[in-house]
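Q: One structure coming up, written as structure tokens, with questions to follow.
Number of protein chains: 2
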Amino acid sequence: MFLIYVAYFLLIKSIFVHSELFTSTTHLTHLLNTEIELSKQLETYLKKEYERLDQVEKFLNVIKDEIRQAQGNGDYYFGNPVNAYLFIKHLTVDWYTVEETVSVEISKTMGDNWLFPSFEDYTGSAVGLMRLQDTYKLNTSDIANGEISSNFKSRKLSALECYDLGRIAYTSGDFYHTLMWMQEALDHLNTEPNNTAVNKINILDHLAYATSQQGNVEHALAVTEQILSLDPDHVRARNNKDHYEELIRNKRLTAGDDAPTLDLFPAMDKLDKIDIKNQRPQDYLEERERYEQLCRQNESKLDPKRAAKLFCRYRHNNHPYLLLRPAKEEQLLDQPALYLFHDIISDKDIEEVKRLASPRLQRAIVRDSGSGTFKAAEYRT
Amino acid sequence: MFLIYVAYFLLIKSIFVHSELFTSTTHLTHLLNTEIELSKQLETYLKKEYERLDQVEKFLNVIKDEIRQAQGNGDYYFGNPVNAYLFIKHLTVDWYTVEETVSVEISKTMGDNWLFPSFEDYTGSAVGLMRLQDTYKLNTSDIANGEISSNFKSRKLSALECYDLGRIAYTSGDFYHTLMWMQEALDHLNTEPNNTAVNKINILDHLAYATSQQGNVEHALAVTEQILSLDPDHVRARNNKDHYEELIRNKRLTAGDDAPTLDLFPAMDKLDKIDIKNQRPQDYLEERERYEQLCRQNESKLDPKRAAKLFCRYRHNNHPYLLLRPAKEEQLLDQPALYLFHDIISDKDIEEVKRLASPRLQRAIVRDSGSGTFKAAEYRT
Chain A
1 MFLIYVAYFL LIKSIFVHSE LFTSTTHLTH LLNTEIELSK QLETYLKKEY
51 ERLDQVEKFL NVIKDEIRQA QGNGDYYFGN PVNAYLFIKH LTVDWYTVEE
101 TVSVEISKTM GDNWLFPSFE DYTGSAVGLM RLQDTYKLNT SDIANGEISS
151 NFKSRKLSAL ECYDLGRIAY TSGDFYHTLM WMQEALDHLN TEPNNTAVNK
201 INILDHLAYA TSQQGNVEHA LAVTEQILSL DPDHVRARNN KDHYEELIRN
251 KRLTAGDDAP TLDLFPAMDK LDKIDIKNQR PQDYLEERER YEQLCRQNES
301 KLDPKRAAKL FCRYRHNNHP YLLLRPAKEE QLLDQPALYL FHDIISDKDI
351 EEVKRLASPR LQRAIVRDSG SGTFKAAEYR T
Chain B
1 MFLIYVAYFL LIKSIFVHSE LFTSTTHLTH LLNTEIELSK QLETYLKKEY
51 ERLDQVEKFL NVIKDEIRQA QGNGDYYFGN PVNAYLFIKH LTVDWYTVEE
101 TVSVEISKTM GDNWLFPSFE DYTGSAVGLM RLQDTYKLNT SDIANGEISS
151 NFKSRKLSAL ECYDLGRIAY TSGDFYHTLM WMQEALDHLN TEPNNTAVNK
201 INILDHLAYA TSQQGNVEHA LAVTEQILSL DPDHVRARNN KDHYEELIRN
251 KRLTAGDDAP TLDLFPAMDK LDKIDIKNQR PQDYLEERER YEQLCRQNES
301 KLDPKRAAKL FCRYRHNNHP YLLLRPAKEE QLLDQPALYL FHDIISDKDI
351 EEVKRLASPR LQRAIVRDSG SGTFKAAEYR T
């Protein structure tokens with residue numbers, strides 16, 4: 001046994017003849033601690049890296065799906081304002097977030113040939129979406145669920161996306177739309193279990209402020225109570241609660257004794273019963289209402305008696321060319337007279353005109369009625 | 001139809017009222033190209049990143065497996081010189097490679113508390129492994145297949161690991177071991193389909209040089225022919241081929257007409273029939289052979305007649321203490337007399353002595369017979 005031990009000992013020793021630092025199994029066992037620490041560090045590193053790449057991959061899948069739907073079909077796809085809004089969002093705020101987690105500067109390596117939309121384009125597309133909502137009197141839920149009409153389908157928006165839209169309205173002081181979209185965000189959040197992308201308190205916080213600005217003090221109080229039930233130490237909510245209670249008390253005093261002596265607490269229970277006002281702010285443009293009516297109008301609304309008087313004809317006006325090949329005229333409206341001429345320009349020529357014109361598209365400018373200078377009008381493209 | 005088109009047109013336009021750059025579906029369709037390019041760039045980026053992390057994860061799995069086997073079992077695990085070599089390799093060359101692909105400087109963030117072995121430790125452990133191979137006359141294949149003995153099992157080495165061992169021998173001019181390990185690398189490569197970690201030509205190149213240095217010109221020629229069959233334009237192989245052929249021709253001329261007129265071409269076919277010499281280089285240390293014999297010796301070889309004369313006894317030498325508790329003496333050898341005393345120090349005390357001593361372990365130094373100065377000896381630990 002002893003000799004075997006000696007042999008074993010020599011065997012261990014003899015392998016480290018060159019080594020200066022680590023000449024024994026004792027030293028190797030000490031080094032094993034280095035390896036254990038290293039494996040822990042590497043494991044943490046890998047976990048973080050995979051999480052990071054997972055975020056990038058999720059974004060990649062979103063835009064690949066978008067490309068698949070829009071490619072070769074751009075006019076139809078981007079004709080849906082929800083798609084257009086999401087598309088601009090992906091190339092602005094979402095991409096800014098993803099690029100921060102990508103170690104290579106992809107935007108830069110892509111070079112200057114590739115234009116990216118600006119943050120202003122992003123807010124612009126959101127505000128445009130909301131104006132459209134007013135013009136066509138669209139239900140917020142219908143937009144958020146991708147059901148504007150049977151012709152315009154888009155995917156359902158997430159609670160976070162509804163919240164983002166509400167945030168944009170909020171930032172520009174548009175509490176009318178903030179109220180709609182924060183309420184929508186809240187509804188979507190209830191159908192998204194395990195949602196961690198958006199905080200319910202943040203939604204409620206914006207909702208409370210917007211609804212108070214729209215004059216719903218009781219509703220604001222009820223929402224604030226809801227914040228406090230989730231986070232009893234929420235400082236602003238506590239202060240606001242006192243403020244709203246004070247407002248309600250003053251209102252009752254003004255209303256006199258006739259007002260019902262409503263017990264406010266707990267207001268949360270009555271959330272469903274509160275009648276929420278949400279008045280669209282008065283517009284400075286007088287023609288707005290008629291303009292929007294026109295947009296909503298379609299031919300099916302034309303009085304059948306009037307429609308019966310409209311007809312199609314071949315027109316030549318005795319012009320020699322038109323005698324040979326008369327123009328196809330269709331009367332669309334009598335008052336004002338509105339005609340549609342068919343087959344004047346070939347499809348090929350139309351495409352060519354569009355091709356030549358599209359790079360020169362610019363925003364329309366109008367003369368300001370006050371100063372007389374030309375400027376871009378918010379209501380025009 | 002026309003009015004619907006007007007409505008559709010207004011609908012598209014009205015959503016981009018704020019946007020300066022991208023106000024039409026035409027522009028959005030152009031932007032789609034940006035998104036397509038972005039998705040391509042991101043896809044390439046993700047692919048590269050996943051490949052990079054895959055390399056790190058493979059390394060992590062190797063060291064985790066090593067830790068699992070060695071932890072709490074260090075003396076036994078590192079007692080196997082193959083394990084010790086691989087362990088040092090993982091914490092040196094392999095880790096250097098992995099760390100280059102890790103964006104965070106993990107070694108630095110781990111701080112100074114964690115020692116890493118040096119590259120010298122790595123080559124030292126490899127040279128030690130080869131010396132052990134000589135001392136115990138171990139078969140290269142047995143080591144490479146993890147079967148040194150029934151007590152010392154380790155995992156099978158890859159072709160790359162055999163090649164790395166051969167490279168270390170080659171770099172230190174040790175063609176005796178280069179020949180063994182390159183031959184072994186070649187054998188392992190044949191059992192590893194789709195191996196891309198090591199290039200067969202690289203192995204053959206080293207093998208040809210080593211075998212020529214060991215005096216096997218015919219073998220060197222055959223191996224060189226094999227390189228040329230894989231890569232007919234291999235410049236060094238073409239030059240070496242001419243050189244080896246010249247050597248063989250000269251040798252025959254010296255040997256005279258008695259030598260068989262062997263047709264050299266193609267030598268490859270005769271690769272199996274060539275008798276390969278591999279003489280261990282002469283050692284400057286006279287005692288080497290006896291020292292190694294001693295290492296290989298074990299008690300079973302002791303002459304039974306001599307062994308019969310060895311016995312155990314209680315020894316007290318009339319010392320009062322030892323009269324009360326005599327020492328347990330076991331005679332191991334008669335000539336020279338070698339005794340083993342049992343139970344002199346308790347196991348606990350042994351551990352304490354080892355614990356105190358191990359931090360002070362240093363390499364043994366010997367007086368140089370030539371210069372008379374003290375220096376570290378290669379053959380001592």
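Residue numbers (full-length UniProt numbering), protein chains in the order written: chain A, 1 to 381; chain B, 1 to 381.
Beta carbons: idealized from backbone N, C-alpha and C, even for Gly.
Since this is a predicted model, take the numbers as computed values, not measurements.
1. For the alpha helix (DSSP H) containing Glu120(B), list its first residue and its last residue.
2. Determine the extent of the alpha helix (DSSP H) in which Arg280(A) is found, giving its start and end residues.
3. Assess, as a yes-or-no matter, whether the segment 177 to 185 of chain B is touched by the segment 210 to 219 of chain B under the definition of 3 or more beta carbon pairs within less than 8 Å.
4. In the segment 51 to 80 of chain B, which residues sit with their C-beta less than 8 Å from some C-beta in chain A, listed in chain order?
5. Would Val17(B) count as contacting chain A if we go by Cβ distances under 8 Å?
6. With 8 Å set as the bound, which would you pick, yes or no: does the beta-carbon of Trp114(A) sit closer than that to a beta-carbon of chain B?
7. At a Cβ threshold of 8 Å, is Phe119(A) touching chain B?
8. Could you list which residues in chain B have their beta carbon closer than 9 Å to that of Met110(A), in chain order?
9. Name the residue from Asp134(B), Leu207(B) and Thr373(B) whose alpha carbon lies nearest to the alpha carbon of Ile365(B).
10. Is the shortest distance between the beta-carbon of Phe22(B) and the beta-carbons of chain A less than 8 Å?
11. Is Ser154(B) close to chain A, meaning its C-beta is less than 8 Å from at least one C-beta of that chain?
12. Using a C-beta to C-beta distance shorter than 8 Å, which residues of chain A count as neighbours of Asp45(B)?
13. Tell me which same chain residues have a C-beta within less than 8 Å of the C-beta of Phe311(A), skipping the five on either side of it?
14. Whole angstroms is fine: what's the gap from Leu262(B)'s alpha carbon to Glu120(B)'s?
15. I'd like to know whether the C-beta atoms of Leu228(A) and His219(A) end up nearer to each other than 8 Å.
16. Kindly list, in the order they appear in chain A, the residues whose Cβ is closer than 9 Å to that of Ser358(B).
17. Only counting the same chain, and skipping five residues up and downstream in sequence, which positions put a Cβ closer than 8 Å to that of Leu138(B)?
18. Give me the chain C residues within the contact set of Leu91(B), using Cβ-Cβ distance strictly less than 7 Å, ordered along the chain.
19. Looking at the secondary structure, which residues open and close the beta strand (DSSP E) in which Glu287(B) lies?
20. Find out if the Cβ-Cβ distance for the pair Ala159(B), Glu192(B) is shorter than 8 Å.
21. Check for me: the beta strand (DSSP E) holding Lys327(A) runs from which residue to which?
22. Identify whether Val98(B) lies in helix, strand or coil by the three-state DSSP scheme.
23. Output needed for Pro326(B): all residues of its chain with C-beta closer than 7 Å, excluding positions within five of it in sequence on either side, in chain order.
24. For Phe87(A) and chain B, any beta-carbon pair shorter than 8 Å?
25. If you count every other CB in all the chains shown that lies within 10 Å of the CB of Asp349(B), and 16 or more means buried, which is it?
26. Among Glu43(B), Ala144(B), Asp174(B) and Asp164(B), which residue has its Cα nearest to the Cα of Lys156(B)?
27. Could you tell me the distance, in whole angstroms, from the CA atom of Lys108(B) to the CA atom of Gly146(B)?
28. The alpha helix (DSSP H) that contains His219(B), what's its start and end?
29. Below 8 Å on the Cβ atoms is my guess for Glu43(B) versus Leu60(A); work out the distance and round it to an integer in Å.
30. Could you name the residues of chain B that Glu192(A) contacts, counting a contact when the two beta carbons are closer than 9 Å?
31. I'd like to know if Glu287(A) contacts chain B, where contact means its C-beta is closer than 8 Å to some C-beta of that chain.
32. Please report whether the beta-carbon of residue 418(B) lies at a distance below 8 Å from any beta-carbon of chain A.
33. Thinking C-beta only, is Leu31(A) closer than 8 Å to Leu91(B)?
34. Of the residues Glu245(A), His27(A), Ile274(A) and Arg52(A), which one's Cα is nearest the Cα of Thr97(A)?
35. Taking the alpha helix (DSSP H) that Arg167(B) falls in, what are its first and last residues?
A: So, from the listed chains and residues:
1. Stepping through the second sequence from its first residue, residue 120(B) is reached at position 120. Phe119 to Thr135 is the span of the alpha helix (DSSP H), which, as asked, contains Glu120(B).
2. By one-based count along the first sequence, residue 280(A) stands at place 280. Segment: none, Arg280(A) is in no alpha helix (DSSP H) and carries neither H nor E.
3. yes
4. Leu53, Val56, Glu57, Phe59, Leu60, Ile63, Lys64, Glu66, Ile67, Ala70, Gln71, Gly74, Asp75, Phe78 and Gly79
5. On the second sequence, residue 17(B) is found 17 positions in, with the first residue counted as 1. Note on Val17(B): pLDDT 37, under 50, position unreliable in the model; no value is reported.
6. The sequence position of residue 114(A) within the first sequence is 114, counting from 1. Interface residue, yes.
7. The count along the first sequence starts at 1 and reaches residue 119(A) at position 119. Judged by the 8 Å Cβ criterion, Phe119(A) is not in contact with chain B.
8. Numbered from 1 along the first sequence, position 110 holds the residue referred to as residue 110(A). Here the neighbours are Thr34, Glu37, Leu38 and Gln41.
9. Numbered from 1 along the second sequence, position 365 holds the residue referred to as residue 365(B). Among Asp134(B), Leu207(B) and Thr373(B), the Cα nearest to that of Ile365(B) is on Thr373(B).
10. Start at 1 with the first residue of the second sequence, and residue 22(B) comes out as number 22. Any reading at Phe22(B) is ruled out, since the residue's pLDDT is 49, under 50, leaving its predicted position unreliable.
11. Taking the first residue of the second sequence as position 1, residue 154(B) is located at position 154. Taking Cβ atoms only, chain A never reaches closer than 8 Å to Ser154(B), which makes this a no.
12. Position 45 of the second sequence holds residue 45(B). Per the sequence shown, the amino acid found at residue 45(B) is Tyr instead of Asp. Here the neighbours are Val56, Val102, Val104 and Ile106.
13. As a working mapping, residue 311(A) is identified with position 311 in the first sequence. So the qualifying residues of the chain are Gln331.
14. As a first step, residue 262(B) must be located in the second sequence, where it is residue number 262. As a first step, residue 120(B) must be located in the second sequence, where it is residue number 120. For Leu262(B), the predicted model reports a pLDDT of 48, less than 50, meaning its position is unreliable; a value from the coordinates is still stated below. So the two alpha carbons sit approximately 46 Å from each other.
15. Here residue 228(A) refers to the residue found at position 228 of the first sequence. Here residue 219(A) refers to the residue found at position 219 of the first sequence. In this structure, His219(A) does not lie closer than 8 Å to Leu228(A) by Cβ.
16. For this step, residue 358(B) is matched to residue 358 along the second sequence. The answer, in chain order, is Ser24, Thr26, His27 and His30.
17. As a working note, residue 138(B) is residue 138 in the second sequence. Here the set comprises Leu132 and Ile148.
18. Of the chains in the structure shown, none is chain C; the protein chains are A and B.
19. Position 287 of the second sequence, counted from the start, is the residue given in the question as residue 287(B). Element bounds for Glu287(B): n/a, residue is neither H nor E.
20. Position 159 of the second sequence, counting from 1, holds the residue named residue 159(B). Position 192 of the second sequence, counting from 1, holds the residue named residue 192(B). Against a cut-off of 8 Å, the Cβ pair of Glu192(B) and Ala159(B) comes out as a contact.
21. The sequence position of residue 327(A) within the first sequence is 327, counting from 1. Note that residue 327(A) is Ala in the sequence shown here, rather than Lys. Residues Ala327 to Leu333.
22. Stepping through the second sequence from its first residue, residue 98(B) is reached at position 98. In the structure shown, Val98(B) sits in a helix (DSSP, three-state: H, G or I).
23. By one-based count along the second sequence, residue 326(B) stands at place 326. Excluding positions up to five away in sequence, the list reads Tyr314, Arg315 and His316.
24. Mapped onto the first sequence, residue 87(A) falls at position 87. For Phe87(A), the answer is yes, since a Cβ of chain B falls inside 8 Å of its Cβ.
25. To locate residue 349(B), count along the second sequence from 1; it is residue 349. Label assigned to Asp349(B): exposed.
26. Start at 1 with the first residue of the second sequence, and residue 156(B) comes out as number 156. Taking only the C-alpha atoms, the option nearest Lys156(B) is Ala144(B).
27. Looking up residue 108(B) in the second sequence gives position 108. Looking up residue 146(B) in the second sequence gives position 146. Roughly 35 Å separates the two Cα atoms.
28. If you number the second sequence from 1, residue 219(B) lands on position 219. Segment Val217 to Leu230, the alpha helix (DSSP H) holding His219(B).
29. Counted from its first residue, the second sequence places residue 43(B) at position 43. Counted from its first residue, the first sequence places residue 60(A) at position 60. Indeed they touch by this definition, with Cβ atoms about 6 Å apart.
30. Here residue 192(A) refers to the residue found at position 192 of the first sequence. Within chain B, no residue comes near Glu192(A); the closest Cβ sits about 26 Å away, beyond 9 Å.
31. Taking the first residue of the first sequence as 1, we reach residue 287(A) at position 287. Cβ-Cβ to chain B under 8 Å: no for Glu287(A).
32. In the structure as shown, chain B begins at 1 and stops at 381. Residue 418(B) is therefore absent and cannot be evaluated.
33. Here residue 91(B) refers to the residue found at position 91 of the second sequence. Here residue 31(A) refers to the residue found at position 31 of the first sequence. Closer than 8 Å, so yes.
34. Here the question's residue 97(A) lines up with position 97 in the first sequence. If we check each option's Cα against that of Thr97(A), Arg52(A) comes out closest.
35. Position 167 of the second sequence, counted from the start, is the residue given in the question as residue 167(B). Where Arg167(B) is concerned, the enclosing alpha helix (DSSP H) stretches over Ala159 to Thr171.
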